Ligand code: ARG
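In this note's numbering, the protein residues as written are 3 to 462.
See the structure below:
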């Protein structure tokens, strides 16, 4: 058991209590951030003459060596240390003796862990942003290739009006635009440095907090209240919220892919690389990846609820409850990262069965609104037009055919306003391409979005 305290204790910690309290098994992944923070702290301590310049440069040099050794696998982070902070300090002291023992001057593990977690989360935000961006690039390619791939648009999962694959995927593109702007907001707001807050009440040493904030890239500078600094986990809750929303979007998208890939729909075919088989039914090819993405959404929501609940009753300032932020947050970060990567690969390799989609759009009365609008343009009040087309739809359902199959005489049985131009007016192409409002599915409208998206993604 290697721990940083013990002076005021007569007896050792109970083994189970020690294990229960220790966090090395999960905070070891913050080794880079812990060392980075210590390098900044030691540099500042030397500059401020709080420790000697020689000690400071020896500490910095050795910390860099420790980082290299951990990264190359020469030095293993083992469970004999209580946490990552104890590990780094113990190895440092082992290597350079008293100078190592001076590193923790004017610092507490409370501001240290607050810093490490912020540095780790900041990187995770950047990583998540680049993963969402990669997905957007794949979506944009699909959008560009499918401006005239017609498919039914649904409401209530009933065929409603025709759209295109480009338009449908464009809807998801927009969700991911919002997700990324949320990540950017959070990153901006969280970018202040808690280092130098001490255990809760700052310190009597003449620390230069602006300097460490600058060294660590915190452009808002140091945090303004030491008690808040060591007990703030808002930024992490915000990040988990952003991750929960990303998962909500991925989950809805997965649900659609699962439906489209089903034997009844057959709109798309998920590539073999992203499908699995059945141990008993030889014919099966299952969309497990999409199902897992949908399934993992629950645990990411769980992480958000978990941390919100952990934080709700904590008196100022630091309390050990806060150690519970890590496992759930790391699990959420790992899983959302993996979901984004797998989902992107699955979508990128997915085949669209264009004739099936188009046929489905043709055979679900998705042009009924346009048929009513045809009458309106010829002077029939919309409510009457709605009734006329409704009766014609009923007739078609009875006779198992589409509106397009009605003869001119049949149209005219309901209204003599109908003429030969009705066929052109309700063709799939007309229904889509005449929808020219900004944000609508016509190729003309979508092209405006494409040039916006290309610019947004810094393409061309
Ligand atoms: N492992 C602790 C955490 O994750 C580090 C801070 C420990 N501070 C303390 N006063 N025991 O929160």
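We treat Cβ as the ideally placed atom computed from N, Cα and C, and that holds for glycine. All of these numbers come straight from a predicted model, not from anything done at the bench.
- Contact between residue 353 and residue 271 holds: CB atoms are separated by about 5 Å, below the 8 Å threshold.
- Fully contained in the segment 104 to 158 are the following alpha helix (DSSP H) runs of length 4 or more, in chain order: 111 to 147.
- Taking 8 Å as the cut-off, the beta carbon of residue 345 is found no closer than this to the beta carbon of residue 302.
- Contact annotation: residue 408 and residue 394 have beta-carbon atoms nearer than 8 Å.
- Of the candidates 365, 342, 23 and 386, the residue whose Cα lies closest to the Cα of residue 155 is 365.
- Here residue 105 really is in contact with residue 44; their C-beta atoms are around 6 Å apart, less than 8 Å.
- Sequence-distant Cβ neighbours of residue 229 in its own chain, meaning closer than 6 Å and more than five residues away, are 202, 318 and 319.
- Judged by their CB atoms, residue 231 and residue 116 are nearer to each other than the 8 Å cut-off.
- A straight line joining the alpha-carbon of residue 326 with that of residue 404 spans about 60 Å.
- With contacts defined by Cβ atoms closer than 8 Å, residue 291 and residue 267 do not form a contacting pair.
- A straight line joining the alpha-carbon of residue 383 with that of residue 347 spans about 50 Å.
- Going by DSSP, residue 162 is part of the beta strand (DSSP E) stretching over 160 to 166.
- Around residue 443, the same chain offers 155, 164, 165, 166, 168, 169, 434 and 437 as residues with beta carbons nearer than 8 Å, after the five sequence neighbours per side are excluded.
- DSSP places residue 288 within a strand segment (E or B) once states are collapsed to three.
- Setting aside the 5 residues that flank it on each side, residue 312 is surrounded in the same chain by 323 and 326, each with a C-beta closer than 6 Å to its C-beta; the list follows chain order.
- Relative to the ligand ARG, residue 328 has its C-beta within less than 7 Å of a heavy atom.
- Taking a C-beta distance under 8 Å as the contact criterion, residue 152 and residue 412 do not qualify as a contact pair.
- Counting only residues of its own chain and dropping the five nearest sequence neighbours on each side, residue 127 has a CB closer than 6 Å to the CB of 185 and 189.
- Check the Cα spacing between residue 149 and each of 426, 451, 462 and 460: the tightest is with 451.
- With 16 or more other CB atoms across the displayed protein chains lying within 10 angstroms of its CB, residue 118 is buried.
- In this structure, residue 237 has its beta carbon at no less than 7 Å from each heavy atom of the ligand ARG.
- Under DSSP, residue 270 shares a beta bridge with 354.
- A direct Cα-to-Cα measurement between residue 390 and residue 369 gives close to 14 Å.
- According to the DSSP assignment, residue 433 belongs to the alpha helix (DSSP H) that extends over 430 to 435.
- When 420, 350, 343 and 341 are compared, the shortest CA-CA separation from residue 379 is found for 420.
- In the displayed model, residue 83 falls within a strand according to three-state DSSP.
- Three or more Cβ pairs closer than 8 Å define a contact, and the segment 69 to 86 falls short of that threshold against the segment 245 to 255.
- Annotation: residue 462 to residue 441 spans about 23 Å, alpha carbon to alpha carbon.
- Note that the C-beta distance between residue 137 and residue 171 is not below 8 Å.
- Residue 225 carries a coil assignment under DSSP once its states are collapsed to helix, strand and coil.
- DSSP places residue 299 within a helical segment (H, G or I) once states are collapsed to three.
- For residue 230, the distance from the CB to the nearest heavy atom of the ligand ARG is not below 7 Å.
- Between the beta-carbon of residue 91 and that of residue 6 there is about 6 Å, and that keeps the pair under the 8 Å contact cut.
- Residue pairing by DSSP puts residue 195 in a beta bridge opposite 224.
- Boundaries of the alpha helix (DSSP H) around residue 427: 424 to 427.
- If you look at residue 394, you'll find it in the alpha helix (DSSP H) that goes 384 to 400.
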